[in-house]
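J.:
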Amino acid sequence: MSGKHTTRKQDYSKWYNELVQRADLAEHSDVRGCMIIKPYGFAIWERMKEVLDQKFKETGHSNAYFPLFIPKSYLSKEASHVEGFAKECAVVTHYRLKNAEDGSGVVVDPKAKLEEELIVRPTSETIIWNSYRNWIQSYRDLPILINQWANVVRWEMRTRLFLRTAEFLWQEGHTAHATNQEAREETARMLEVYADFAEQYMAMPVVKGRKTESERFAGAEDTLCIEALMQDGKALQAGTSHFLGQNFAKAFDVKFADKEGKLDHVWATSWGVSTRLMGALIMSHSDDEGLVLPPLLAPIQVVGIPIYRSPEDLEKISDKFELLRLAFKNKGISFKYDDDDNRRPGWKFSEYETKGVPVRLAMGPRDLENGNIEVARRDTKTKEIVSFEGVEDFIEGLLKEIQSNLFEKADTFRKEKTSDASDFATFKKLVNKGGFVSAHWDGTEETENKIKEETQATIRCIPLDQVEEAGACVYSGAPSKGKVLFAKAY
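For reference, each letter of the sequence shown is one residue, going 9 to 498 in my numbering.
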């Protein structure tokens, strides 16, 4: 854990890559574009998954699982969908290997060619809606509210751990409804679930918005999103919820009989978040010393480290920490006692700082004698001596304070890095400084593309709380009905 490390100011991208590996979260695999999520990183993802899964179930959804492989013909049924994913698909063409005749290893058996190629799942709308066709006959079968935890493959050549990899983990919700209104309500409801998770658990403020037509999910009629701002001033799309209309129901001929016996196509939604949230979590709060985790997602919320000279000291200190362990267990606080005698306390302090453990406790012979314990918080790097009596209640309150402080700090940063531009010269300067730039847009894809070409900034979203106001487009000067949020993004 020692040695010099790249700072955010020196090279933000390098800082991020180093931190992911220093904190033992993930590493590159020998398979190009794919990552290995290490136990500590996976423990954070499991905590995210646990919270989100509970929220999905509270809103009436059930988990299911659909195949990893999708017949190529399924993707051809929804034209805009296949166009959106065609360049990212991994394709299975054969089903068998054989030993090479020259003994050099294994080769693909040319006689084992599939009659129809299989696509490795880039997303599951097509195979799920093919199944829904058999599940839905009448209004009594609706709504169907299903979520799937899975891995997907979208071929990426330029990758970055967690943020963009060829294979990643995610959840994808797929729901079927009897009416347009029900499906739209579901789309909005799930966006709120994502926003609540981001702000309440990740301590990451987000803007809820709508994607422009060119940025919508392939095959969707409307895409809602949450956008967050990272410490380098770049935006990151943290979650999306899509209103699919009747597009997939029509493509797969999924109809239902309503109460009057009239046949109609089903209305659909899909929504998802991925391990990209890990990248968002890292970049929202971490500093030059290492990871900073909000307590509600930290695998270890409190770590205890004994400082001792003799076995007798260690035994007495360990007895005290055992009392704390039991008290923390009763309060639902995750605690680790590190009495590994192969590592010195200073090394341990550095290790847990790098791993972002929210609270560190240290106790030595003098603390034991005085009935005290040292409490260090990761977010502010401050320390204080606290009476051992009742320290568990103090820590419980401190964890809540740290959670709140991380959100407030990130929210203040976002507000400070959000500005308005009324002319293009100002717009370009603000975009180059980083952050969200609110500006009028004339609603055309041509202008959207021109701005992207000239500044690398994209329309992150049309904020849902946008107030309609007449103005002039920041680029074309044409009439505009309201402002949208621009930023450079991941």
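Cβ atoms here follow ideal geometry from the backbone N, Cα and C, with glycine treated the same way.
Would you tell me roughly how many angstroms separate the C-alpha atoms of Asn378 and Asp428, rounded to the nearest one?
T.: So the alpha carbons of these two residues sit roughly 56 Å apart.
J.: Would you please state the rounded distance, in angstroms, between the beta carbons of Ser294 and Leu27? I believe it to be under 8 Å.
T.: That pair is a contact at about 6 Å.
J.: Nearest-angstrom Cα distance between Phe415 and Leu305?
T.: Each residue's alpha carbon lies about 13 Å from the other.
J.: Taking a contact to mean a Cβ-Cβ separation below 8 Å, would you say Trp275 touches Gly253 in this structure?
T.: Yes, the Cβ-Cβ distance between Trp275 and Gly253 is below 8 Å.
J.: Let me know the secondary structure DSSP gives Gln245 once reduced to three states.
T.: Three-state result, Gln245: strand.
J.: For Gln179, which beta-bridge partners are listed by DSSP?
T.: Looking at the DSSP assignment, Gln179 forms a beta bridge with Trp157 and Val281.
J.: From Ala87 to Lys436, what does the alpha carbon distance come to, in whole angstroms?
T.: Near 36 Å, if we compare the C-alpha coordinates of Lys436 and Ala87.
J.: Count the other CB atoms within 10 Å of the CB of Met238; is the residue buried (16 or more) or exposed (fewer)?
T.: Per the 10 Å Cβ criterion, buried.
J.: Quick check on Lys22: buried or exposed, where buried means 16 or more other Cβ atoms within 10 Å of its Cβ?
T.: Exposed: under 16 other Cβ atoms inside 10 Å.
J.: Mind checking which residues open and close the beta strand (DSSP E) that includes Gly217?
T.: Segment Val215 to Arg218, the beta strand (DSSP E) holding Gly217.
J.: Taking only the alpha-carbon atoms, compute the straight-line gap between Ser10 and Ser358 and give it to the nearest angstrom.
T.: For Ser10, the predicted structure reports a pLDDT of 48, less than 50, and the residue's modelled location is therefore unreliable. A value from the coordinates is still provided. Looking at the two C-alpha atoms, the distance is approximately 8 Å.
J.: Mind reading off the beta-carbon distance from Glu180 to Thr131? Whole number of angstroms is fine, and I expect it under 8 Å.
T.: Yes, they are in contact, since the Cβ atoms of Glu180 and Thr131 sit about 7 Å apart, within 8 Å.
J.: Looking only at DSSP bridge pairs, what is Tyr345 linked to?
T.: According to DSSP, which records beta bridges pairwise, Tyr345 is partnered with Gly312.
J.: With DSSP collapsed to three states, give me the class of Arg30.
T.: Note: Arg30 maps to helix in three-state DSSP.
J.: Determine, using beta carbons only, whether Glu194 and Thr183 come nearer to each other than 8 Å.
T.: In this structure, Thr183 lies closer than 8 Å to Glu194 by Cβ.
J.: How would you write the range of the alpha helix (DSSP H) that Lys65 sits in, first residue to last?
T.: Pro47 to Glu66 is the extent of the alpha helix (DSSP H) around Lys65.
J.: Verify whether the separation of the beta carbon atoms of Ala418 and Ala211 is less than 8 Å.
T.: Contact: yes.
J.: What does the alpha-carbon distance come out to for the pair Leu271 and His185?
T.: Approximately 13 Å between the Cα atoms of the pair.
J.: Is there contact here, the region 208-228 with the region 467-475, by at least three beta-carbon pairs under 8 Å?
T.: Touching, yes, given that three or more Cβ pairs across the two stretches are closer than 8 Å.
J.: Kindly indicate the opening and closing residues of the alpha helix (DSSP H) around Asn350.
T.: It is not in any alpha helix (DSSP H) - Asn350 carries neither H nor E in the DSSP assignment.
J.: With a CB to CB cut of under 8 Å and the five nearest residues on each side skipped, what residues in its chain are close to Ser70?
T.: Counting only Cβ-Cβ distances below 8 Å, and skipping sequence neighbours, we find Leu153, Ile154 and Asn155.
J.: Would Glu382 and Ala370 qualify as a contact pair, given that the criterion is a beta-carbon distance under 8 Å?
T.: It is a contact, given that the beta carbons lie within the stated cut-off.
J.: Based on Cα-Cα distance, which residue from Ala226, Tyr498, Ala203 and Arg224 lies nearest to Val215?
T.: That would be Ala203, whose Cα lies nearest to the Cα of Val215.
J.: If we call anything under 8 Å between Cβ atoms a contact, is Ile313 one with Lys356?
T.: The answer is yes: Cβ separation under 8 Å.
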